[in-house]
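**Q**
Residue numbers (the working numbering): 105 to 176.
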């Protein structure tokens, strides 16, 4: 590998690592937002089965129940 090729590869690795870090941060923000909305729905009287269906089974009903009851 020539020095130029190595420099290009390093630049590509740095760029990919930064993109991955941004994606992880966005995923974490989305997870926290989903959790907040689940809690709001439960506070409004929506049951765990209905919440689970509304979020298209992203979380199992048992996990939704643990979120609502403050155990997850």
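Where is the CB? At the ideal position from N, CA and C, for every residue including glycine. Treat the numbers as computed from the prediction; the structure is a model and nothing was measured.
Cα separation between residue 108 and residue 124?
**A** 24 Å
**Q** Any beta-carbon of chain B closer than 8 Å to the one on residue 172?
**A** Going by chain labels, chain B is absent from the structure shown, which holds only one protein chain.
**Q** Tell me whether residue 175 sits in a helix, a strand or coil according to DSSP, three-state version.
**A** coil
**Q** Could you tell me whether the segment 131 to 143 touches the segment 160 to 175, where touching means 3 or more Cβ pairs closer than 8 Å?
**A** yes
**Q** I'd like to check one pair, residue 146 with residue 155: are the Cβ atoms closer than 8 Å?
**A** yes
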